[in-house]
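In the order they appear, the protein sequences are chains A and B. In the working numbering, each residue's number is its place in the first sequence (first place is 1) plus 30. In the working numbering, each residue's number is its place in the second sequence (first place is 1) plus 110.
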Amino acid sequence: MTMQLQLIPPQYTVQSPEMLEAYRKRGGYSALEQVLGRNDRKWMLDEVKRSGLSGRGGAGFSAAMKWSFMPAEPSGPSYLCVNADESEPGTFKDRHLMERVPHLVLEGIILAAWAMRAERAFILLRYEYPNCRRILQQAIDEAREAGLLGQGLMGTDWSLEVVIRLGAGTYISGEEMALLETVEGNRAWPRQKPPFPAQRGVFGRPTTVNNVETLACVPLVIAAGVDEFAAMGSGKSTGPKLYCVSGHVKRPGLYEAPMTVTLKELIYDPRFGGGIRGDRVLKAVIPGGSSAPVLRPDEIDVPANFESLAKIGSMLGSAAIIVMDETVCMVRAAQNTAHFFDHETCGECTPCREGCHWMRQILDRIENGRGMEGDIDLMSDRLAAIEGQTICPFGEAVTWGLGSIVEKFRDEFQEHIRLGRCKYEAWQPAKEQMA
Amino acid sequence: MSEVSINIDGRELKAAEGAILLDVALAAGIYIPHFCSHPLLSRPANCRMCLVEVEGAPKLVPSCMMVVKDGMVVRSNTPRVLESHRSVMEFYLTNHPLDCPVCDQSGECVLQNYSWAFGSAASRFEDVKVKQEYKEVGPDIVLYQDRCIMCTRCVRFLREITGTRELSVIKRGVYNEIHADADKPVDNPLAGNVVDICPVGALLSRDFLFKCRVWWLKSTASTCALCARACSISVDTNSGQIMRLKPRENASVNGTWICDYGRFAFKDWQHDQRLAGPAVRRDGQLIGTSWDESLQAAGNALRMALDQDGPSTVAVAASPWLTCEEALLLGKLMTSFGVTTFTIWDAPQHERLQFNGFAISQEKAWNRRGVEKALGDVGLSIIKPGRLAGMINEGRVTTFYATGGAAFSQSFVPEDFPAGRLRQLIVQDCFPRGEFTQHAAVVLAGASPYEKSGTVINEDGVEQEVNQALEPIGQARSDWEILRDLAQHVAGGQAAMAGTAPPERPGRRWKYTRGNSENE
Numbered sequence: 031m032t033m034q035l036q037l038i039p040p041q042y043t044v045q046s047p048e049m050l051e052a053y054r055k056r057g058g059y060s061a062l063e064q065v066l067g068r069n070d071r072k073w074m075l076d077e078v079k080r081s082g083l084s085g086r087g088g089a090g091f092s093a094a095m096k097w098s099f100m101p102a103e104p105s106g107p108s109y110l111c112v113n114a115d116e117s118e119p120g121t122f123k124d125r126h127l128m129e130r131v132p133h134l135v136l137e138g139i140i141l142a143a144w145a146m147r148a149e150r151a152f153i154l155l156r157y158e159y160p161n162c163r164r165i166l167q168q169a170i171d172e173a174r175e176a177g178l179l180g181q182g183l184m185g186t187d188w189s190l191e192v193v194i195r196l197g198a199g200t201y202i203s204g205e206e207m208a209l210l211e212t213v214e215g216n217r218a219w220p221r222q223k224p225p226f227p228a229q230r231g232v233f234g235r236p237t238t239v240n241n242v243e244t245l246a247c248v249p250l251v252i253a254a255g256v257d258e259f260a261a262m263g264s265g266k267s268t269g270p271k272l273y274c275v276s277g278h279v280k281r282p283g284l285y286e287a288p289m290t291v292t293l294k295e296l297i298y299d300p301r302f303g304g305g306i307r308g309d310r311v312l313k314a315v316i317p318g319g320s321s322a323p324v325l326r327p328d329e330i331d332v333p334a335n336f337e338s339l340a341k342i343g344s345m346l347g348s349a350a351i352i353v354m355d356e357t358v359c360m361v362r363a364a365q366n367t368a369h370f371f372d373h374e375t376c377g378e379c380t381p382c383r384e385g386c387h388w389m390r391q392i393l394d395r396i397e398n399g400r401g402m403e404g405d406i407d408l409m410s411d412r413l414a415a416i417e418g419q420t421i422c423p424f425g426e427a428v429t430w431g432l433g434s435i436v437e438k439f440r441d442e443f444q445e446h447i448r449l450g451r452c453k454y455e456a457w458q459p460a461k462e463q464m465a
Numbered sequence: 111m112s113e114v115s116i117n118i119d120g121r122e123l124k125a126a127e128g129a130i131l132l133d134v135a136l137a138a139g140i141y142i143p144h145f146c147s148h149p150l151l152s153r154p155a156n157c158r159m160c161l162v163e164v165e166g167a168p169k170l171v172p173s174c175m176m177v178v179k180d181g182m183v184v185r186s187n188t189p190r191v192l193e194s195h196r197s198v199m200e201f202y203l204t205n206h207p208l209d210c211p212v213c214d215q216s217g218e219c220v221l222q223n224y225s226w227a228f229g230s231a232a233s234r235f236e237d238v239k240v241k242q243e244y245k246e247v248g249p250d251i252v253l254y255q256d257r258c259i260m261c262t263r264c265v266r267f268l269r270e271i272t273g274t275r276e277l278s279v280i281k282r283g284v285y286n287e288i289h290a291d292a293d294k295p296v297d298n299p300l301a302g303n304v305v306d307i308c309p310v311g312a313l314l315s316r317d318f319l320f321k322c323r324v325w326w327l328k329s330t331a332s333t334c335a336l337c338a339r340a341c342s343i344s345v346d347t348n349s350g351q352i353m354r355l356k357p358r359e360n361a362s363v364n365g366t367w368i369c370d371y372g373r374f375a376f377k378d379w380q381h382d383q384r385l386a387g388p389a390v391r392r393d394g395q396l397i398g399t400s401w402d403e404s405l406q407a408a409g410n411a412l413r414m415a416l417d418q419d420g421p422s423t424v425a426v427a428a429s430p431w432l433t434c435e436e437a438l439l440l441g442k443l444m445t446s447f448g449v450t451t452f453t454i455w456d457a458p459q460h461e462r463l464q465f466n467g468f469a470i471s472q473e474k475a476w477n478r479r480g481v482e483k484a485l486g487d488v489g490l491s492i493i494k495p496g497r498l499a500g501m502i503n504e505g506r507v508t509t510f511y512a513t514g515g516a517a518f519s520q521s522f523v524p525e526d527f528p529a530g531r532l533r534q535l536i537v538q539d540c541f542p543r544g545e546f547t548q549h550a551a552v553v554l555a556g557a558s559p560y561e562k563s564g565t566v567i568n569e570d571g572v573e574q575e576v577n578q579a580l581e582p583i584g585q586a587r588s589d590w591e592i593l594r595d596l597a598q599h600v601a602g603g604q605a606a607m608a609g610t611a612p613p614e615r616p617g618r619r620w621k622y623t624r625g626n627s628e629n630e
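Here it is in structure tokens:
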């Protein structure tokens, strides 16, 4: 049975998720049967490689390549970690996958684990996703009942356990190396690379960390056909993709589309965002969560995929498209982002810990009319000093996310400093959040 | 293990395979600044101070985690690296308080030194510093949280060396705090080390707090007397007072740690019952007197016993708190009189405490091995204190020359020791030992381990030097001087001095070698 090349059939909701029976009806677990029947790991790696499947977590790294780093002849246990700590502002795709099609995610986990000979998969689930936890656990229980998990699953000599671990409510848990620490039960402080997870991951064993959406694509690659998957899109950007459109659009929400879709379509097309609310003028778009560099309205007529966005100096990231219209004060937007980063920086390494707090204070001052000559240059200088100096990519996220706003909307910052006030309508600042 | 060649700043260096770049550079005299890296702890690379350029790597890499590879080309002083140092220092000083004038660490603070070396004179930070609490995290350890730079050395020490895990990091970002639960303070036998490894003035010793600016301290490299591990220590003094003891690095003895018993042991020798001068018994009372008079009394008593009762009625106790040189002189002097009944006091025993890479010995004296060796070199055989007590009870021994030198709280004379049955008891010690000293005819005031020089041998056979950090209290003299002077007051004693030379000046090493001794 072949599957439709679709991640989330629209009829499934958090109230009525797709459970085992329904999933089997649309071809669920046929990929697993096929793969275990062939019992050829190299074949499977080749198939995934041919499909062009790229990681959906943010970096867009080839999934097959990542799996191939795992030892072919492991001298002990190796693990798969599922990154379900979805915390990037504006991102809610993994949540929908886990709440609506849990078995698609689970089949992807089993397939990936088999491909890399993992004997245990840890799902590091965001603490704030209790529904996901409930539904995923149900799906895991169902799968175990049906002999799809556990000792000698589906008549093989291989066994797999899938375990849900909860993060402790911190953004940094979703960072690859911090995730390993979190799974081990430690404070979510990233480790310096190298060693990479495939060399020394969870509990010192070879580990691969994959995003939920990446794994959900794996059954489609096998069951819907590699060629079909690869034909949907091109280059690194193949297969269906979930876009989280939020902000000042008429129809904010989660949209599934091939990666040939443009940012403009996602914002204006009636099938997607449906245009700016109140038909106002677009001011800025962040295409991949708050870590991605911001785009101006004249830059959005590009396909929303890995290569095209990288070419114009931004990134697809988690495909969280945050739309801001003309009523938005960009200093406030930067301030808001800085508050987020200051709140979420783990504080392990110095430039990021001290830099985020410094940036937040400068932005607070500018927005509140106490900006000073030289603040903008100081910010640019210090943001550049964070990039590349930190243990984990959080530093880059700060530099790119904040730095691009400061750079592309410099006039607005200068105006704030010159006027000594914000000219946009009064806005109630979010409650000061203490770490 | 095979070697690799690497190039740092144009210098070709050989390094063991698997070595860490930072260690290799430091060993070669190329200084790469670092806060969080400690040779005996894991390395999280979180301070970002040790970043260097490695050819082929797009970013700067932390040298504390970089394993050397053959042919690696490293640059530690390019403009890019120096800018990184300056930049990280600027970030540190945004929230670090500039309270050096009232900070104990000032003068030995890594952040302060790096600020001079790598920082800027002016700050561009115009905003508000985060202020955090002063906390007491242990009986002797205070934490000025706002000075903390989050290197997590203390946390790692308590996880990796002691395994007690009292400290952890709580909160997040710039509000990060080092934290100890109220019901689990940092109170383990190695707790004081977290103060030593803290690169800034965040963790401080309550005992040393505000006692002395560190640049007024005179440091003397010496050895800890409190147990047979005999850790290498530095005795920091000011105005003739010990201000604090710190560990010295010594891979074959103590790594970079010392225990808190040793760290605060000097207080035990500062007890107010310390014997400040010699005394002789007159009309049943011990009366303070001059050295001449007391040594003459001791010499006369010895000579009388030797001449009237014979050398076999005289016994000598060596103490495991003596140095090798003192024990050798004691052995030589007494054997020259024909005395051969020797015992060595048993030091108090405690449970041996084993940590990761460090141990506290069960024997609570530094030099039993050395004293045994010195007396053995003289050709003496040693009897147990219990057997000696039996001989005294039987009346075979009537004159007893006992050395001591233990701390006040340490007892080494067996409780039922029949001191009352002796005709003559001569004691050479730092403290009165109750009943035992009450029976003494002459008491000669000895020096504490911090007040003398010499050599000791620890339980593993490692020979280490002891250097005098202080003048002996009052009129007290080191055991070596007492024995030397005693030789002048006993007829025939001078002969024993031949071939031995005193450690004349404090700090001058008198090398102990087998069978004889010589000035270096």
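Glycine included, every Cβ here is placed at the ideal spot set by N, Cα and C.
- DSSP places residue 513/B in the uninterrupted beta strand (DSSP E) bounded by 509-513.
- For the segment 368-388 of chain A, residues whose beta-carbon sits nearer than 9 angstroms to a beta-carbon of chain B comprise 371, 372, 373, 374, 375, 376, 377, 378, 379, 380, 381, 382, 383, 384, 385, 386, 387 and 388.
- Using a CB distance cut-off of 8 angstroms, residue 274/B does not count as an interface residue toward chain A.
- Identification of residues in the segment 212-232 of chain A having a C-beta nearer than 7 angstroms to some C-beta of chain B yields 217 and 222, given in sequence order.
- Under the three-state reduction of DSSP output, residue 355/B falls in the strand class.
- For residue 415/A, the chain B residues whose Cβ falls inside 7 angstroms of its Cβ are 197, in order along the chain.
- Annotated three-state conformation of residue 260/B is coil, per DSSP.
- In this structure, the straight-line span from the alpha carbon of residue 140/A to that of residue 217/A is close to 28 angstroms.
- Contact between the segment 438-448 of chain B and the segment 587-603 of chain B is established, with three or more Cβ pairs separated by less than 8 angstroms.
- Counting only residues of its own chain and dropping the five nearest sequence neighbours on each side, residue 44/A has a CB closer than 7 angstroms to the CB of 129, 130 and 161.
- Its chain contains 543 and 546 as the residues whose beta carbon lies nearer than 6 angstroms to that of residue 523/B, once the 5 sequence neighbours on both sides are disregarded; these appear in chain order.
- Contact annotation: in the segment 392-409 of chain A, residues whose CB is within less than 9 angstroms of a CB in chain B are 392, 394, 395, 402, 404, 405 and 408.
- Residue 161/B reaches chain A at 419, counting residues in chain order whose Cβ is nearer than 9 angstroms.
- In this chain, residue 389/A is not harboured by any beta strand (DSSP E); it is covered by the alpha helix (DSSP H) spanning 380-397.
- Within chain A, the C-beta atoms nearer than 8 angstroms to that of residue 202/B come from 380 and 384, in chain order.
- Residue ranges of uninterrupted alpha helix (DSSP H) with 4 or more members, entirely inside the segment 263-302 of chain B and ordered along the chain, are 263-270.
- For residue 98/A, the enclosing alpha helix (DSSP H) stretches over residues 93-98.
- Within the segment 187-211 of chain A, those residues whose Cβ lies closer than 9 angstroms to any Cβ of chain B are, in chain order, 200 and 202.
- With a cutoff of 8 angstroms on beta-carbon distance, residue 451/B and residue 507/B are scored as near each other.
- Interface flag for residue 282/B against chain A is set, since a Cβ pair is found closer than 8 angstroms.
- Nearest C-alpha to residue 145/A among 407/A, 64/A and 194/A: 64/A.
- Under the three-state reduction of DSSP output, residue 300/A falls in the coil class, being neither helix nor strand.
- Under the 10 Å beta carbon count, residue 47/A is surrounded by 16 or more other beta carbons and is classified as buried.
- Boundaries of the alpha helix (DSSP H) around residue 446/B: 434-446.
- For residue 155/B, the closest Cβ of chain A is nearer than 8 angstroms.
- Residue 109/A has 150/A and 237/A as its beta-bridge partners, per DSSP.
- Judged by DSSP in its simplified three-state form, residue 337/B adopts coil rather than helix or strand.
- Residue-level contact by beta carbon fails for residue 187/B and chain A, as no gap is shorter than 8 angstroms.
- Every alpha helix (DSSP H) stretch that sits fully inside the segment 159-183 of chain A and reaches 4 residues is listed by chain position as 160-175.
- Chain order gives the chain A residues near residue 235/B as 388, where near means a beta carbon separation below 8 angstroms.
- A contact between stretches requires three or more CB pairs, one per stretch, nearer than 8 angstroms, and the segment 522-542 of chain B meets this requirement with the segment 363-383 of chain B.
- For the beta strand (DSSP E) assignment, the uninterrupted runs of no fewer than 3 residues enclosed by the segment 128-174 of chain B are, from N- to C-terminal side, 161-164.
- Every unbroken stretch of the beta strand (DSSP E) spanning 3 or more residues and falling wholly within the segment 544-594 of chain B is given here in chain order: 552-555, 564-567 and 573-576.
- Interface annotation, residue 194/B: in contact with chain A, CB-CB separation under 8 angstroms.
- Closest option to residue 100/A, judged by alpha-carbon separation, among 42/A, 226/A and 55/A: 226/A.
- According to the DSSP assignment, residue 221/B belongs to no beta strand (DSSP E) but to the alpha helix (DSSP H) extending over 220-228.
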